[in-house]
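Engineer:
Protein chains: 2
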Amino acid sequence: MVTQIPDIVIGRLPIYLRELRRLQDEGDRLTTSSHELGERLGISSAQIRKDLSHFGEFGKQGTGYHINYLVDQLCQILHLDQTWPVALVGVGSLGTALAHYDGFKLRGFEIRWVFDIDPTKIGAEVNGVHIQAVDELEATIAQHEIAVAIIATPASVAQDVADRLVAAGIKAILSYAPLHLTAPSGVHVSYSDPVTELQRMTYYLG
Amino acid sequence: MVTQIPDIVIGRLPIYLRELRRLQDEGDRLTTSSHELGERLGISSAQIRKDLSHFGEFGKQGTGYHINYLVDQLCQILHLDQTWPVALVGVGSLGTALAHYDGFKLRGFEIRWVFDIDPTKIGAEVNGVHIQAVDELEATIAQHEIAVAIIATPASVAQDVADRLVAAGIKAILSYAPLHLTAPSGVHVSYSDPVTELQRMTYYLG
DNA sequence: TAGATTGTTAATCGATTAACAATC
DNA sequence: TAGATTGTTAATCGATTAACAATC
Numbered sequence: 173m174v175t176q177i178p179d180i181v182i183g184r185l186p187i188y189l190r191e192l193r194r195l196q197d198e199g200d201r202l203t204t205s206s207h208e209l210g211e212r213l214g215i216s217s218a219q220i221r222k223d224l225s226h227f228g229e230f231g232k233q234g235t236g237y238h239i240n241y242l243v244d245q246l247c248q249i250l251h252l253d254q255t256w257p258v259a260l261v262g263v264g265s266l267g268t269a270l271a272h273y274d275g276f277k278l279r280g281f282e283i284r285w286v287f288d289i290d291p292t293k294i295g296a297e298v299n300g301v302h303i304q305a306v307d308e309l310e311a312t313i314a315q316h317e318i319a320v321a322i323i324a325t326p327a328s329v330a331q332d333v334a335d336r337l338v339a340a341g342i343k344a345i346l347s348y349a350p351l352h353l354t355a356p357s358g359v360h361v362s363y364s365d366p367v368t369e370l371q372r373m374t375y376y377l378g
Numbered sequence: 173m174v175t176q177i178p179d180i181v182i183g184r185l186p187i188y189l190r191e192l193r194r195l196q197d198e199g200d201r202l203t204t205s206s207h208e209l210g211e212r213l214g215i216s217s218a219q220i221r222k223d224l225s226h227f228g229e230f231g232k233q234g235t236g237y238h239i240n241y242l243v244d245q246l247c248q249i250l251h252l253d254q255t256w257p258v259a260l261v262g263v264g265s266l267g268t269a270l271a272h273y274d275g276f277k278l279r280g281f282e283i284r285w286v287f288d289i290d291p292t293k294i295g296a297e298v299n300g301v302h303i304q305a306v307d308e309l310e311a312t313i314a315q316h317e318i319a320v321a322i323i324a325t326p327a328s329v330a331q332d333v334a335d336r337l338v339a340a341g342i343k344a345i346l347s348y349a350p351l352h353l354t355a356p357s358g359v360h361v362s363y364s365d366p367v368t369e370l371q372r373m374t375y376y377l378g
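Taken in order, these protein sequences are the chains called A and B.
Using my numbering, read the first sequence as starting at 173 and increasing by one per residue.
Using my numbering, read the second sequence as starting at 173 and increasing by one per residue.
#1: Taking the beta strand (DSSP E) that residue 362/A falls in, what are its first and last residues?
#2: Return the chain-ordered ranges of every beta strand (DSSP E) run that is complete within the stretch 213-290 of chain B and spans a minimum of 3 residues.
#3: Using the DSSP secondary-structure output, state which residues sit across from residue 302/A in a beta bridge.
#4: Starting from residue 346/A and walking both ways along the beta strand (DSSP E), at which residues does that stretch end?
#5: Applying the 10 Å Cβ sphere with the 16-neighbour rule, what's the burial state of residue 358/A?
#6: Output yes if chain B places a C-beta closer than 8 Å to the C-beta of residue 374/A; else output no.
#7: Which of the three DSSP states is assigned to residue 173/B in this structure?
#8: Can the beta-carbon of residue 214/B be found closer than 8 Å to that of residue 352/A?
#9: Taking all protein chains shown into account, do 16 or more other C-beta atoms lie within 10 angstroms of the C-beta of residue 187/B, making it buried, or fewer, making it exposed?
#10: Spatial neighbours of residue 299/A within its chain, please: C-beta separation below 7 Å, excluding the five flanking residues on both sides.
#11: Compute the Euclidean distance between the alpha carbons of residue 348/A and residue 369/B, then round it to the nearest angstrom.
#12: Please return the same chain residues whose Cβ sits closer than 7 Å to the Cβ of residue 268/A, not counting the five positions on each side in sequence.
#13: Report yes or no: do three or more beta-carbon pairs, one from the stretch 275-295 of chain A and one from the stretch 215-231 of chain A, lie closer than 8 Å?
#14: Taking residue 321/B as part of the alpha helix (DSSP H), name the residues at either end of that continuous run.
#15: Specify whether the stretch 216-223 of chain A and the stretch 238-254 of chain A touch according to this definition: at least 3 beta carbon pairs, one from each stretch, less than 8 Å apart.
#16: Quick check on the burial criterion: 16 or more other C-beta atoms within 10 angstroms. Buried or exposed for residue 343/A?
#17: To which residues of the same chain is residue 124/B closer than 6 Å at the C-beta, ignoring the five residues directly before and after it?
#18: Assuming residue 179/A is part of the alpha helix (DSSP H), what are its boundary residues?
#19: Does the distance from the CB of residue 371/A to the CB of residue 275/B come in under 8 Å?
#20: Any C-beta of chain B within less than 7 Å: which residues of the stretch 349-376 of chain A qualify?
#21: Below 8 Å on the Cβ atoms is my guess for residue 193/A versus residue 243/A; work out the distance and round it to an integer in Å.
#22: Can you list, in chain order, the residues of its chain whose CB lies under 6 Å from that of residue 301/B, leaving out five sequence neighbours each side?
#23: Which residues, in chain order, does the stretch 280-313 of chain A contribute to contact with chain B at a C-beta distance below 9 Å?
#24: When the cut-off is 8 Å and only beta carbons count, does residue 265/B lie next to chain A?
#25: For residue 220/B and chain A, any beta-carbon pair shorter than 8 Å?
#26: Check distances from the C-beta atoms of the stretch 268-280 of chain A to those of chain B and list, in chain order, the residues that come in under 8 Å.
#27: Determine the burial state of residue 180/A: buried for a count of at least 16 other Cβ atoms within 10 Å of its Cβ, exposed for fewer.
#28: Alpha carbon to alpha carbon, how far is residue 333/A from residue 326/A?
#29: Run the CB neighbour count on residue 364/B, radius 10 Å, all protein chains shown included, and call it buried at 16 or more, exposed below.
#30: Interface residues of chain B around residue 251/A at Cβ under 7 Å?
#31: At the 8 Å Cβ level, is residue 346/B part of the contact set with chain A, yes or no?
#32: Looking at chain A, is there any beta carbon in it that lies within less than 8 Å of the beta carbon of residue 320/B?
#33: For chain B, is any of its Cβ atoms less than 8 Å away from the one on residue 213/A?
#34: Suppose the cutoff is 7 Å on Cβ atoms and the five residues either side in sequence are ignored; what does the same chain contact list for residue 258/A look like?
#35: Is residue 277/A buried or exposed, if buried means 16 or more other CB atoms sit within 10 Å of its CB?
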């Protein structure tokens with residue numbers, strides 16, 4: 173029986189995975205518990221057990237969860253037992269920073285195509301990746317069947333870029349442009365806007 | 173009577189504000205409606221009306237919301253009728269990109285102090301701001317009563333940096349380090365981790 | 001065996017939505 | 001007046017938590 177799992181549960185799995193990897197790196201134990209994990213993440217142990225129980229029984233009464241095993245399971249669930257090749261659009265300062273970020277590879281992603289509209293950038297390289305003209309976006313994405321893209325363009329062109337990415341077959345977009353993007357259902361969009369995040373916190377400051 | 177307003181409501185206000193600013197920039201109308209705003213943001217009109225009603229009655233039956241007025245009100249609520257000076261820790265490629273980002277000023281923030289631990293960077297400038305040694309962090313934050321900070325350091329030192337920021341008086345932290353930070357209650361922490369965001373989406377991809 | 005911890009149930013808590021009287 | 005849209009209520013829907021039998 174296929175049960176629809178809430179988005180909010182899916183959203184926590186990468187957080188669990190990230191903390192489990194830290195436990196692996198610390199390397200001093202083979203198992204952990206929902207209590208320990210919750211303690212480290214500020215999440216209740218009941219919620220962690222409930223979340224995981226949507227996908228199977230990964231723990232053992234009395235001993236908890238085998239860290240390596242749970243990491244493997246979460247990677248399978250999140251489809252991270254592969255490296256997702258990523259297209260990046262926009263090589264301004266943020267795009268360049270993302271292209272150089274070495275935290276992608278180890279966690280399942282690799283920026284392998286980079287696009288910009290600026291003729292003085294096209295043909296150059298960023299972190300070993302050739303910068304292509306945005307004109308080539310559709311052909312490249314279709315040819316390589318790329319599913320994941322990052323938008324790091326100015327806000328003014330982000331919706332247009334998103335439309336073209338979607339038309340070319342992209343299924344998941346992470347956008348750094350500070351505006352809501354419209355995309356057809358079946359295409360997943362997530363956002364990162366530092367100002368929005370800061371504004372959420374200033375409410376609570378005198 | 174003071175009612176506790178849910179965090180999730182507060183979290184949507186900056187989104188409303190951002191879209192209202194877009195309507196201002198488009199400049200072709202003085203008013204909007206919860207229906208229009210919801211349409212543009214993929215949020216139900218009922219939710220928008222409910223959210224706003226926590227803070228007052230900002231609309232008029234039949235005509236909707238006066239855009240400029242609602243922007244003003246939201247800015248007041250979010251304490252954005254001032255510019256918040258921000259301290260940035262870490263001047264790697266991401267920190268540098270943030271220091272150069274010109275989207276802060278217009279929306280209520282300004283990176284005015286920058287810290288790094290690398291002696292070859294200390295004393296240089298990034299976007300007109302002097303790079304200080306991390307040693308000077310406590311004194312500078314206390315002296316200027318800085319409330320908001322951004323962490324763009326490697327994960328390995330992020331918790332230590334956060335502890336020092338908090339001890340010096342910082343009340344809101346936006347962290348780009350890919351790990352959960354522990355902070356005392358009363359200190360607000362938000363996160364931006366591109367990999368976590370991408371991992372949330374790959375679950376839905378074949 | 002005794003202690004620890006799971007997976008699950010039922011209860012609680014909170015958020016969203018539908019509907020509509022009020023009124024511009 | 002007629003149409004549009006608010007603010008609010010009550011109903012629905014969904015998420016979190018507390019508690020505990022099962023069992024390692």
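Backbone N, C-alpha and C define an ideal beta-carbon position, used for all residues, glycine too.
Structural biologist: Looking at the atomic coordinates:
#1: Residue 362/A -> beta strand (DSSP E) spans 360-363.
#2: 236-238, 256-261 and 281-288, all fully within the stretch 213-290 of chain B.
#3: 297/A
#4: 344-347
#5: exposed
#6: yes
#7: With a pLDDT of only 41 at residue 173/B, under the threshold of 50, the placement of this residue in the model should not be trusted, and no figure is reported.
#8: yes
#9: Looking at its Cβ environment, which holds 16 or more other Cβ atoms inside 10 Å, residue 187/B is buried.
#10: These residues qualify, in order along the chain: 271 and 272.
#11: 12 Å
#12: 298
#13: no
#14: That residue, residue 321/B, is in no alpha helix (DSSP H); its beta strand (DSSP E) goes 320-323.
#15: no
#16: buried
#17: Given a span of 173 to 378 for chain B in the structure shown, any question on residue 124/B remains unanswerable.
#18: Per DSSP, residue 179/A belongs to the alpha helix (DSSP H) from 179-198.
#19: no
#20: Listed by position, the residues of the stretch 349-376 of chain A near chain B (Cβ gap below 7 Å) are 350, 351, 352, 360, 362, 364, 366, 367, 368, 369, 370, 371, 372, 373, 374, 375 and 376.
#21: 7 Å
#22: 286
#23: 280 and 281
#24: When Cβ-Cβ separations below 8 Å define contact, residue 265/B makes contact with chain A.
#25: no
#26: 268, 269, 270, 272, 273, 275, 276, 279 and 280
#27: Classification of residue 180/A: exposed, given that the 10 Å Cβ count is below 16.
#28: Whole-angstrom Cα-Cα distance: 10 Å.
#29: buried
#30: 374, 375 and 377
#31: yes
#32: yes
#33: Taking Cβ atoms only, chain B reaches closer than 8 Å to residue 213/A, which makes this a yes.
#34: 281, 282, 283, 284, 320, 321 and 322
#35: exposed
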